[in-house]
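Q:
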Amino acid sequence: MLSAQYCVTLADSNAINRVSKAWVPKEYDREQLWFSRDEVFDNNIKKLESLWNPAKTLRTSIIEGKELNNVQLMIPPGLLNSNGGSMGLTASCKERIEDIPGHIVKYNDWKYNIKGKRQ
35 MLSAQYCVTL ADSNAINRVS KAWVPKEYDR EQLWFSRDEV FDNNIKKLES LWNPAKTLRT
95 SIIEGKELNN VQLMIPPGLL NSNGGSMGLT ASCKERIEDI PGHIVKYNDW KYNIKGKRQ
């Protein structure tokens with residue numbers, strides 16, 4: 035029988051500062067972004083910064099149905115270590131939530147290479 039696992043993903047903080055990051059609103063110019071095809075996300079990222087490669091851009095958004103302080107981070111496959119992402123990503127899973135690293139990401143403190151706004 036499988037037991038529940040609690041997982042956290044860790045990344046190199048210098049890599050986080052270097053990589054492009056985009057806040058993804060629920061919609062933009064009356065176009066639905068959440069739950070859309072990758073091309074829709076990619077076009078939105080290009081509107082924020084034409085020089086960014088959407089395949090190498092972290093995407094952040096609030097979680098639907100939650101308050102503004104509940105945020106999710108989407109990591110595109112192009113940033114995974116196995117795809118040459120150079121993010122130093124590691125995952126840690128434990129059976130007890132108390133045993134996982136307790137680092138909290140303060141998304142509002144991100145100052146480098148981030149475009150868009152939380153909404």
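Heads up, the sequence shown is in the numbering used here, so the first residue is 35 and it goes up one at a time. We treat Cβ as the ideally placed atom computed from N, Cα and C, and that holds for glycine. None of these values were measured; they are calculated from a predicted model.
1. Applying the criterion that 16 or more other CB atoms from any shown protein chain within 10 Å of the CB defines a buried residue, is Lys-55 buried or exposed?
2. Distance check for Gly-150 and Ala-125, CA to CA, integer angstroms please.
3. Does Ala-49 get closer than 7 Å to chain B when you measure Cβ to Cβ?
4. Identify which residue in Arg-71, Asn-77, Thr-94 has its Cα closest to the Cα of Val-58.
5. Distance check for Asp-76 and Leu-21, CA to CA, integer angstroms please.
6. Curious, which full-length beta strand (DSSP E) runs of at least 3 residues does the segment 104-132 contain?
7. Taking buried to mean at least 16 other C-beta atoms within 10 Å of its own C-beta, is Leu-113 buried or exposed?
A: Reading off the structure:
1. Position 21 of the sequence shown, counted from the first residue, corresponds to residue 55. Its Cβ being crowded by 16 or more others within 10 Å, Lys-55 is buried.
2. Start at 1 with the first residue of the sequence shown, and residue 125 comes out as number 91. Start at 1 with the first residue of the sequence shown, and residue 150 comes out as number 116. Ala-125 and Gly-150: Cα-Cα distance of roughly 27 Å.
3. Any reference to chain B falls outside this structure, which holds one protein chain only.
4. The residue given as residue 58 occupies position 24 in the sequence shown. The shortest C-alpha separation from Val-58 is found at Thr-94.
5. Residue 21 is absent from the structure shown; the chain starts at 35 and stops at 153.
6. Qualifying beta strand (DSSP E) stretches, in chain order: 105-108, 124-128.
7. As a first step, residue 113 must be located in the sequence shown, where it is residue number 79. With 16 or more Cβ atoms within 10 Å of its Cβ, Leu-113 is classed as buried.
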